[in-house]
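J.: The structure is given below, and queries will be raised subsequently.
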Amino acid sequence: MNNQLVTLPALTRDGVFLARYSETGLAELEFPKPNPGKPFQLRALDGASRRLLPGDIRQWHRITTAALKSVLAGRAAKSLPPLDWTGKTEFQQAVWREMLKLGPGKTKSYGEIARAIGKPKAVRAVGGACGANPIPVLVPCHRILAANKLIGGFSGGIERKRAMLKREGIEI
DNA sequence: GACAGATGAAGGA
DNA sequence: TCCTTCATCTGTC
1 MNNQLVTLPA LTRDGVFLAR YSETGLAELE FPKPNPGKPF QLRALDGASR
51 RLLPGDIRQW HRITTAALKS VLAGRAAKSL PPLDWTGKTE FQQAVWREML
101 KLGPGKTKSY GEIARAIGKP KAVRAVGGAC GANPIPVLVP CHRILAANKL
151 IGGFSGGIER KRAMLKREGI EI
């Protein structure tokens with residue numbers, strides 16, 4: 001079995017995200033590391049390595065970068081690359097699919113997501129699935145708030161979540 | 001099998 | 001109101 005992932009940098013206004021692709025699509029997205037004064041090492045995939053990339057991945061990466069920029073600017077992504085959720089549970093995928101339905105400026109609570117997937121009591125489990133989301137930003141876990149409209153948590157940091165919501169016109 | 005968790009709701013002060 | 005407690009469900013180790 002070949003689970004090797006191809007890692008590519010996605011340059012955005014918020015820094016350099018790292019996108020990891022499998023043979024079937026975007027598998028992971030990593031937030032920019034706080035690494036001031038040392039720009040991301042694009043060398044890692046320059047030259048010959050880049051030429052070895054399958055055409056599909058190059059195209060997915062263009063879509064991913066464009067989608068990232070749109071979402072970070074508070075707009076809806078025009079399109080998304082295929083997402084590779086291989087190995088993830090049905091429950092997690094259901095939660096993430098539900099989050100994908102949320103447009104910019106729209107939020108739901110953990111409880112609402114739980115009800116939407118037909119498991120109204122699985123609110124804590126929804127929180128767990130959010131935390132396990134391998135593709136933040138594109139799968140908009142930042143649009144999920146606690147029932148009292150508090151910000152809840154965020155794997156990429158509460159401040160990042162607050163900033164992204166603010167760009168979409170939501171003040172917490 | 002036990003435990004932890006990005007919650008929610010209910011009850012008491 | 002605000003705070004505390006507990007029920008619930010799922011994932012991970």
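When we follow our numbering, the leftmost residue of the first sequence carries the number 1, and every step to the right adds one.
C-beta atoms are modelled at their ideal positions from N, C-alpha and C, and glycine is treated no differently.
Report the three-state DSSP secondary structure of leucine 18 (helix, strand or coil).
T.: In the first sequence, counting from the first residue as 1, residue 18 sits at position 18. Looking at leucine 18 - three-state DSSP - the assignment turns out to be strand.
J.: Going by CA-CA distance only, name the one from Gly87, Arg75 and Pro82 that's closest to leucine 102.
T.: For the purposes of this step, residue 102 is identified with residue 102 of the first sequence, where counting begins at 1. Minimum Cα distance to leucine 102 is reached at Arg75.
J.: Applying the 10 Å Cβ sphere with the 16-neighbour rule, what's the burial state of isoleucine 172?
T.: Counting from 1 along the first sequence, the entry for residue 172 is found at position 172. Exposed.
J.: Are leucine 29 and isoleucine 135 close, meaning C-beta to C-beta below 8 Å?
T.: Reading the first sequence from its first residue, position 29 is the one you call residue 29. Reading the first sequence from its first residue, position 135 is the one you call residue 135. Against a cut-off of 8 Å, the Cβ pair of isoleucine 135 and leucine 29 comes out as a contact.
J.: Classify glutamate 168 as helix, strand or coil using the three-state DSSP reduction.
T.: Numbered from 1 along the first sequence, position 168 holds the residue referred to as residue 168. Reduced to three states, the DSSP call for glutamate 168 is coil.
J.: Measuring CA to CA, which of Thr7, Leu165, Tyr21 and Tyr110 is closest to asparagine 148?
T.: Within the first sequence, numbered from 1, the residue matching residue 148 stands at position 148. That would be Tyr110, whose Cα lies nearest to the Cα of asparagine 148.
J.: Quick check: the Cα distance between glutamate 90 and isoleucine 117, rounded to an integer number of angstroms?
T.: As a working note, residue 90 is residue 90 in the first sequence. As a working note, residue 117 is residue 117 in the first sequence. Using only the alpha carbons, I get a separation of about 11 Å.
J.: Using three-state DSSP, classify phenylalanine 40 as helix, strand or coil.
T.: Here residue 40 is taken as the residue at index 40 of the first sequence, counted from 1. Below a pLDDT of 50, predicted positions are generally treated as unreliable, and phenylalanine 40, at 49, falls in that range; the measurement from the model is reported next regardless. If DSSP states are grouped into helix, strand and coil, phenylalanine 40 belongs with coil.
J.: Straight-line CA distance for leucine 145 to alanine 132?
T.: In the first sequence, residue 145 corresponds to position 145, counting from 1. In the first sequence, residue 132 corresponds to position 132, counting from 1. Near 16 Å, if we compare the C-alpha coordinates of alanine 132 and leucine 145.
J.: If you follow the alpha helix (DSSP H) that alanine 129 is in, where does it begin and where does it stop?
T.: Position 129 of the first sequence, counted from the first residue, corresponds to residue 129. 123-131 is the span of the alpha helix (DSSP H), which, as asked, contains alanine 129.
J.: Where do the ends of the alpha helix (DSSP H) carrying valine 95 lie?
T.: For the purposes of this step, residue 95 is taken as residue 95 along the first sequence, with counting starting at 1. Segment 90-100, the alpha helix (DSSP H) holding valine 95.
J.: Quick one: using the 10 Å Cβ neighbour count with 16 as the cut-off for buried, is leucine 68 buried or exposed?
T.: Against the first sequence, residue 68 aligns to sequence position 68. Buried.
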